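Participant:
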Ligand code: MV4
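In the working numbering, the protein residues as written are 2 to 531.
(1) Report whether the distance from the Cβ of residue 440 to the nearest heavy atom of the ligand MV4 is below 6 Å.
(2) Using a threshold of 6 Å, is the CB atom of residue 298 nearer than that to any non-hydrogen atom of the ligand MV4?
(3) Between 57, 48 and 232, which lies nearest to residue 382 when the distance is taken from Cα to Cα?
(4) Could you tell me which residues DSSP puts in a beta bridge with residue 128?
(5) Just confirm the distance between the C-beta atoms of residue 24 and residue 312, as a whole number of angstroms; I'd bet it's less than 8 Å.
(6) Compare the beta carbon distance of residue 192 and residue 168 with 7 Å and say whether it is the shorter of the two.
(7) Pairing CB atoms from the segment 292 to 309 with CB atoms from the segment 144 to 155, are three or more of them under 8 Å?
(8) Specify, as a first and last residue, the run of the alpha helix (DSSP H) that residue 251 falls within.
(9) If I measure Cβ to Cβ from residue 126 and keep anything under 7 Å in the same chain, skipping five residues before and after, which residues do I get?
(10) At which residues does the alpha helix (DSSP H) containing residue 398 begin and terminate?
(11) Tell me the rounded alpha-carbon separation between residue 12 and residue 85.
(12) Taking Cβ positions, are residue 227 and residue 245 nearer each other than 7 Å?
(13) Can you find a heavy atom of the ligand MV4 that lies under 6 Å from the Cβ of residue 432?
(14) So, for residue 1: in the same chain, excluding its five sequence neighbours on each side, which residues have a beta-carbon less than 6 Å away from its beta-carbon?
(15) Quick check on the DSSP output: the beta strand (DSSP E) that includes residue 32 runs from which residue to which?
(16) Closer than 8 Å is the cut-off here; do at least three beta carbon pairs connect the segment 408 to 426 with the segment 346 to 366?
(17) With DSSP run on the structure shown, which of helix, strand or coil describes residue 193?
(18) DSSP on residue 434, reduced to helix/strand/coil?
(19) Considering only heavy atoms of the ligand MV4, does any lie closer than 6 Å to the CB of residue 157?
(20) Hey, how far is the Cα of residue 395 from the Cα of residue 334?
(21) Hey, quick one: how far does the alpha helix (DSSP H) through residue 314 stretch, first residue to last?
(22) Alpha helix (DSSP H) containing residue 150: first to last residue?
(23) List the endpoints of the continuous alpha helix (DSSP H) containing residue 157.
(24) Whose CA, out of 370, 122, 6 and 374, lies closest to the CA of residue 104?
(25) Within a Cβ cutoff of 6 Å, which residues of the same chain sit near residue 459, ignoring the five residues on either side of it in sequence?
(26) By alpha-carbon positions, which one of 48, 431 and 237 ends up nearest to residue 73?
(27) What number of angstroms, rounded off, separates the C-alpha of residue 317 from the C-alpha of residue 218?
(28) Considering only the beta carbon of each residue, do residue 198 and residue 185 sit closer than 7 Å?
(29) How far does the beta strand (DSSP E) with residue 274 in it reach, from first residue to last?
(30) Grab me the residues of residue 386's own chain with a C-beta within less than 8 Å of its C-beta, minus the 5 sequence neighbours each way, in chain order.
(31) My understanding is that residue 111 touches residue 274, with C-beta atoms under 8 Å, so please give their C-beta distance in whole angstroms.
(32) Does the Cβ of residue 81 have 16 or more other Cβ atoms within 10 Å, making it buried, or fewer, making it exposed?
(33) Within 8 Å, do at least three Cβ pairs link the segment 126 to 142 to the segment 96 to 103?
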């Protein structure tokens, strides 16, 4: 068993990983960028190593600095969390080359699933249904044209090196194909350095349901059931739940077996997620892609199965067998998670960086809050704006929604805008409460929201505005602007919104410092100078 693990991440997931280490009496080592010097995960770890300046490319994506930090602190393993280097095969190889254990799948499995076309090939070879479309990359526009005719419009053009909706283009008719093809290719080349595309038939208003799989190094591969992830904004999941409101035992078993077959086909090890599109009416499912990492939304599976997935990842990486068999897994109750972002839902979800001046975190029966922030935390423009996740568990979906509603109302964050108000509306939405979810949910929810607010929708009744009324309205708008400008200059001390100002520390201070918390000694500079 490991005695020390380096956490190669930040924010709420770094806190989550540190907690799992603590539960196993393993000493956690944190890494941090200069912007994160005061972060929660740095304070919770036994040791912390500064790995570079704020920009991710110079810190949390800096393979050399992270492996160096592990070597210097004598960590035996590295957990990548999610995002950053979690699915980077070069990182996994660099960790192994340094004689350390990478807590995750093999580099080969990452690469196999990182290419969406080879992932589709793996699913076909495992006799798992894929979204109808091409398996190999398209070789030309002409091929795209003939394949689209074969499958019928609308079709989806996707980047082979993409995933998660990046570089995806919906093509509704033959007239749009050429420009969509050219744009998708150049976008894929720019984003991934690989312009190859594949084509799929569009599955109309599907549910996005994913299966959690787990495999050890002794040939055991199991599934932990499904998560409903249809509520997405710009391909970013915002609300996830377990089980799916469909809650169809037969469907769970069929999708679980399909996911296990795919995991076996690529000799998968550790925690992985197989994503499917599900046609609600027919309950047919189609393989979409596989994520070779721990997912943001893993807490809803943990709440319903009682399994600590990070603990299981660490044990499997240390060579242990899975601590449960497929037959022993039980799903109890229902869990729903909301991702809390520092974004302004009243301003098109624009990022809202700044200093958190006030926090009231919910608790009580059935509530779990995974957070990476505290009062005075700096929410930076450098990183993903998710500050925490709020999950609720209940014996059934109704009780879970009741608890989530109460917790969202209790949850207060000062100093920045957050998406909390957005979720308070979602949990009161009749379609959500009825469990009528599909990938079009956010679009139709926003339409219902606009209608309820009575503007921007054709249903608003026409009202006669006379010249006098117009003058009154103009005056009110002008007065509101004056008020707003006045309040901006009256920011209470410590709550200055440092919007867009990126503070840089002088280069001279950029030393890599190991803080050994156990002896509260500050060991000297590390890294290139040491
Ligand atoms: C699709 C699809 C329908 N048909 N592919 C792929 C990445 C994932 N984040 C979304 N993806 C989808 N791929 C085919 N052939 C529907 C989705 C989809 C989606 C699409 C647009 C807007 C929101 C969506 C939410 C979930 C899934």
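All residues carry an ideal CB built from backbone N, CA and C; glycine is no exception.
From a predicted model like this one, the values you see are computed outputs, not experimental measurements.
Facilitator: For this structure:
(1) yes
(2) no
(3) 57
(4) For residue 128, which the question treats as bridged, DSSP gives no partner whatsoever.
(5) 6 Å
(6) yes
(7) no
(8) 250 to 266
(9) 266
(10) 398 to 411
(11) 12 Å
(12) yes
(13) no
(14) Because the chain in this structure spans residues 2 to 531, residue 1 falls outside the shown range and cannot be described.
(15) 28 to 34
(16) yes
(17) helix
(18) helix
(19) yes
(20) 6 Å
(21) 310 to 318
(22) 142 to 152
(23) No alpha helix (DSSP H) holds residue 157; the beta strand (DSSP E) holding it covers 156 to 160.
(24) 6
(25) Summary for residue 459: the model assigns pLDDT 43, below 50, so the residue's position carries little reliability; its value from the coordinates is reported in the next sentence. Taken in chain order, the list of residues that qualify is empty.
(26) 48
(27) 7 Å
(28) yes
(29) 271 to 280
(30) 342, 343, 344, 352, 353, 354 and 380
(31) Residue 111 to residue 274, Cβ: 13 Å. No contact.
(32) buried
(33) no
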